[in-house]
Structure formats: structure tokens, C-alpha cells
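Here the structure comes first, spelled out in C-alpha cells, and everything after it is commentary.
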Amino acid sequence: MVSFRGLRDDVYRRPLATALERLGIGAGWRCVDVGAGGGDVSVALAEVVGQTGRVYAVDSDPFARDEVARAAAAHSQVLAITQAAEDLILPELVDLAFCRFLLLHVKDPALVVARMAGAVRPGGWVVAQEPITSAGRLGGRPLSMADAPHPDVGALLPALVRDAGLRLVDAWAEAPAGIGPGPVSTYLATLTGVDPGDEPIVLPPLVTAIGRAR
Ligand SMILES: C[S@@+](CC[C@H](N)C(=O)[O-])C[C@H]1O[C@@H](n2cnc3c(N)ncnc32)[C@H](O)[C@@H]1O
Numbered sequence: 016m017v018s019f020r021g022l023r024d025d026v027y028r029r030p031l032a033t034a035l036e037r038l039g040i041g042a043g044w045r046c047v048d049v050g051a052g053g054g055d056v057s058v059a060l061a062e063v064v065g066q067t068g069r070v071y072a073v074d075s076d077p078f079a080r081d082e083v084a085r086a087a088a089a090h091s092q093v094l095a096i097t098q099a100a101e102d103l104i105l106p107e108l109v110d111l112a113f114c115r116f117l118l119l120h121v122k123d124p125a126l127v128v129a130r131m132a133g134a135v136r137p138g139g140w141v142v143a144q145e146p147i148t149s150a151g152r153l154g155g156r157p158l159s160m161a162d163a164p165h166p167d168v169g170a171l172l173p174a175l176v177r178d179a180g181l182r183l184v185d186a187w188a189e190a191p192a193g194i195g196p197g198p199v200s201t202y203l204a205t206l207t208g209v210d211p212g213d214e215p216i217v218l219p220p221l222v223t224a225i226g227r228a229r
């Protein structure tokens with residue numbers, strides 16, 4: 016059993032842990048975390064692949080590089096790279112290309128999944144975890160994310176993975192839910208700036224799609 020000690024205790028930790036366990040990821044794996052942001056997932060991957068592995072933390076925002084460097088200070092196997100996902104080029108083919116909450120923000124999700132597919136070795140894995148924002152609910156009302164170009168891209172993930180030439184191995188959706196003070200309420204308030212008060216919350220389901228390179 017792989018232990019995900021580095022996994023940030025965020026409300027979406029379960030789908031990430033489930034996906035990584037399903038891959039059988041372990042020491043020595045080469046990975047890329049595309050759209051790495053602050054590096055939470057990169058650090059989690061680094062803990063699993065160990066010193067003999069490598070994690071490329073790729074993000075188009077140069078500030079993310081500093082954040083990842085801080086978050087992964089204890090993990091020399093994490094290399095932060097400033098690069099657009101659409102231009103993804105790594106020094107080597109990797110065992111796993113991963114993204115979470117990235118494709119909703121990019122102009123062309125199909126292009127990015129294709130670039131991720133091109134970054135893995137034959138038999139390697141592509142894992143994408145993306146939301147269906149409008150399926151989230153606050154007091155029964157749909158959530159929205161007007162500034163993202165593809166807020167519901169999670170609903171398209173199985174097709175995006177298949178159309179990138181990958182074999183779709185598994186796909187599922189999970190949505191954290193809650194009411195009153197707690198991590199789900201705090202997450203929503205941070206994301207939207209709206210205090211959910213005592214209204215029931217269903218956060219946007221996160222669709223996970225696991226593809227395998229032929
Ligand atoms: C919502 S954050 C997700 C961070 C992280 N993946 C997570 O799940 O915690 C989205 C990240 O994607 C990055 N991003 C957006 N468009 C990108 C692109 N075209 N290429 C690479 N990174 C991009 C942003 O800079 C941001 O850091």
C-alpha cells in the first residue's frame with residue numbers, strides 16, 4: 016500500500032489518493048504535474064517516487080515556480096519548470112503525466128491532453144482530474160465559474176483521453192459535500208468569497224480519467 020503522507024489535507028484529496036493507488040505508482044517513477052500551481056500534488060508525488068524518482072512541476076505562471084520551490088524545498092527530486100502546457104516538452108519521457116484543475120483554464124483542453132499523452136513512455140499513464148462546476152450546488156442552486164473558459168470540462172474527460180490516442184482505463188466522479196462550518200464550507204468560501212452560512216453544499220464533482228499510452 017502506497018502511503019500519501021505528502022497529500023495536502025484538502026477536500027479533494029480522496030480522488031487523488033484513489034487515482035495514485037490505482038496506478039501502482041512507486042519509487043523511481045518519473046512524473047510531470049502539469050499546471051502544478053503551489054505544488055501540492057507535486058510534493059505528494061515526490062513523497063511517493065522518492066529520491067530515485069523525479070517530478071517535473073510545470074506551470075505557465077513564473078510565480079508558481081517560486082511557490083513550488085518553497086513547497087518542495089525538502090524534495091530535490093522536484094524540478095519546477097515555467098512552461099505552457101500547450102508547449103509541454105520534458106528532457107525525458109515520463110511514467111505519469113498528471114493534471115488537476117488545469118484544463119478548465121486552458122484555451123484548448125484537447126491540445127493539452129494530447130501534449131500530456133506525448134510526454135509519457137509507451138505503457139505510461141495520463142491522469143486528469145477536472146471539475147463539472149455547474150453540477151456543484153449551494154442551497155440546491157448550481158455553482159458557476161464565469162471566468163474559466165471550460166468550467167464543465169470534467170464532463171468531457173473520457174472523450175478527451177480517448178481522442179488523445181490513449182486507452183481509457185478508468186473514469187469516475189466524486190463530489191465533497193457538507194453543511195455548516197468545516198473544510199467544505201471553508202473551501203467554498205475561499206473559492207467564491209461567499210459565506211455559505213447554513214446552506215447545504217455540494218462542491219463541483221471532480222472527474223478523474225485514467226488513460227494509458229499504447
Ligand atoms: C487552479 S490551479 C491548480 C493547481 C494544482 N494543479 C492543484 O490541483 O492544486 C491552476 C494552475 O494552472 C496554471 N495554468 C493555467 N493555464 C496554464 C497553461 N496553459 N499551461 C500551464 N499552466 C497553466 C495556473 O497558473 C495555475 O497555477
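The opening residue of the sequence shown carries number 16 in our numbering; numbering runs sequentially from there. For glycine and all other residues, C-beta sits at the position ideal for the given N, C-alpha and C.
Residue i, DSSP secondary structure in three states
| i | result |
| --- | --- |
| P77 | helix |
| P196 | coil |
| V209 | coil |
| V26 | coil |
| G65 | coil |
| D185 | strand |
Presumed contact (8 Å Cβ cut-off) between residue i and residue j, rounded CB distance
| i | j | result |
| --- | --- | --- |
| L153 | L203 | 7 Å |
| G54 | E36 | Incorrect: roughly 21 Å between the Cβ atoms, too far for contact. |
| G226 | V127 | 13 Å between Cβ atoms; not a contact. |
| F116 | P146 | 7 Å |
| A86 | V58 | 5 Å |
| A228 | P137 | 6 Å |
Contact under 7 Å by Cβ, residue i with residue j
| i | j | result |
| --- | --- | --- |
| V176 | A224 | yes |
| G50 | D74 | yes |
| P220 | A192 | no |
Given residue i as reference, the closest of the options once Cα atoms are compared
| i | options | result |
| --- | --- | --- |
| D185 | V26, R29 and T33 | T33 |
| V222 | P215, A174 and I216 | A174 |
| A170 | A150, D178 and L181 | A150 |
Range of the contiguous alpha helix (DSSP H) that encloses residue i
| i | result |
| --- | --- |
| G133 | P124 to A134 |
Residue range of the beta strand (DSSP E) that includes residue i
| i | result |
| --- | --- |
| A88 | It is not in any beta strand (DSSP E) - A88 carries neither H nor E in the DSSP assignment. |
| D110 | V109 to R115 |
| D178 | Here D178 belongs to no beta strand (DSSP E); instead the alpha helix (DSSP H) covers L172 to D178. |
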